[in-house]
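Data first, discussion second: the structure below is written as structure tokens.
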Amino acid sequence: MTDAHRGWLPSTELILRVPAGLEQVIPPEYEDRNGHMNVKHYYELQTTTVWRLFHRLGFARDEKREQGTFSLEQHLRYHNEVLVGHKVSTHACVLGRTDKIIRGMSFLVNRTTDEVANTLEFVSANVDLTQRRTSPFPAHLADAIDRDMASYPLDLTAR
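Numbering (the working numbering), first residue to last: 350 to 508.
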């Protein structure tokens, strides 16, 4: 979906087909001076969701700590307000990958208003932590990423 004022956004119906990273009601301590959720909480909710996506894909299973990810880029966009008492959910998906880089997006959906409130687009690199250098994804991670991407509605990743 293209919105002249907010750019490209998929419908909440499509986003909700992606597993929720978290669901919660916004507590009073998240409110800022403008009467809506403070920006630091958008970021916290979104990065928590991306980390959960990485866990689901198998990134956190390296017991020897030889593999990891480094964040290369993050683009946070605000589309609609979230107020105290609103119920929200977050949904992260992979948009694409190379042999060393993963690109994805997390959506914060305001379930109270049925609107996309916020998006976090991210780019991360797979890293060999023994050398502190980017490295190709191990086969099991590459396969998990590809399977995960194939499970999304086509319109969600078409951009």
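Just so you know, even glycine gets a beta-carbon here, dropped at the ideal spot from N, CA and C.
task: On a CA-only basis, which of V367, G417, S455 is nearest L478? Give me that one, please.
output: In the sequence shown, the residue the question calls residue 478 occupies position 129. Taking L478 as reference, the option from V367, G417, S455 with the minimal CA-CA separation is G417.
Which two residues bound the contiguous alpha helix (DSSP H) that contains A488? Here residue 488 is taken as the residue at index 139 of the sequence shown, counted from 1. Taken as a continuous stretch (DSSP letters only), the alpha helix (DSSP H) holding A488 covers 488-499.
task = Assess, as a yes-or-no matter, whether the segment 483-498 is touched by the segment 379-389 under the definition of 3 or more beta carbon pairs within less than 8 Å.
result = In short, these stretches do not touch, since the Cβ pair count stays below three.
- Message: Looking at the secondary structure, which residues open and close the alpha helix (DSSP H) in which Q416 lies?
- Response: Walking along the sequence shown from the start, residue 416 turns up at place 67. Run containing Q416: none in the alpha helix (DSSP H); it sits in the beta strand (DSSP E), 416-427.
TODO: Would you kindly check if the distance between the Cβ of V465 and the Cβ of I375 is under 8 Å?
DONE: Your numbering for residue 375 matches position 26 in the sequence shown. Your numbering for residue 465 matches position 116 in the sequence shown. Contact annotation: I375 and V465 have beta-carbon atoms that are not nearer than 8 Å.
- Counted within 10 angstroms of its Cβ, other Cβ atoms place G453 as buried (16 or more) or exposed: What you label residue 453 is simply residue 104 of the sequence shown in a count that begins at 1. G453 is buried by the Cβ-count criterion.
Which of helix, strand or coil does DSSP assign to H435?
Counting from 1 along the sequence shown, the entry for residue 435 is found at position 86. Three-state result, H435: coil.
* Pick from F408, V458, S473, S438: whose alpha carbon is nearest that of H428? -> The sequence position of residue 428 within the sequence shown is 79, counting from 1. Comparing Cα-Cα distances from H428 to each of F408, V458, S473, S438, the minimum goes to V458.
Of the listed residues L432, A499, F419, nearest to S484 (C-alpha basis):
Within the sequence shown, residue 484 is the residue found at index 135, counting from 1. It is F419 whose Cα lies nearest to the Cα of S484.
Worksheet item: In whole angstroms, what is the alpha-carbon distance linking Y392 and Q373?
Response: Numbered from its first residue, the sequence shown carries residue 392 at position 43. Numbered from its first residue, the sequence shown carries residue 373 at position 24. If you take the alpha carbons of Y392 and Q373, they lie about 15 Å apart.
Item checked: Identity of the residues DSSP links to Q480 by a beta bridge -> Within the sequence shown, the letter at position 131 stands for residue 480. BP columns for Q480 are empty, so no partner.
- Indicate whether H390 and L432 have their beta-carbon atoms separated by less than 8 Å. Along the sequence shown, read from residue 1 onward, the residue named residue 390 stands at position 41. Along the sequence shown, read from residue 1 onward, the residue named residue 432 stands at position 83. Remark: C-beta atoms of H390 and L432 do not approach each other more closely than 8 Å.
Exercise. With DSSP collapsed to three states, give me the class of E430.
Key: Taking the sequence shown and counting its residues from 1, one reaches residue 430 at position 81. Look at E430 here: in three-state DSSP terms it is coil, with no helix or strand label.
Practice task
Could you check the C-alpha separation between T461 and G434 for me, to the nearest Å?
Solution key: Counted from its first residue, the sequence shown places residue 461 at position 112. Counted from its first residue, the sequence shown places residue 434 at position 85. Those two C-alpha atoms are separated by around 9 Å.
Would you call the CB atoms of E331 and V472 closer than 8 Å?
-> For residue 331 there is no data in the structure shown, the boundaries of the chain being 350 and 508.
Note to self: Distance check for A474 and H424, CA to CA, integer angstroms please.
What the structure shows: Mapped onto the sequence shown, residue 424 falls at position 75. Mapped onto the sequence shown, residue 474 falls at position 125. H424 and A474: Cα-Cα distance of roughly 16 Å.
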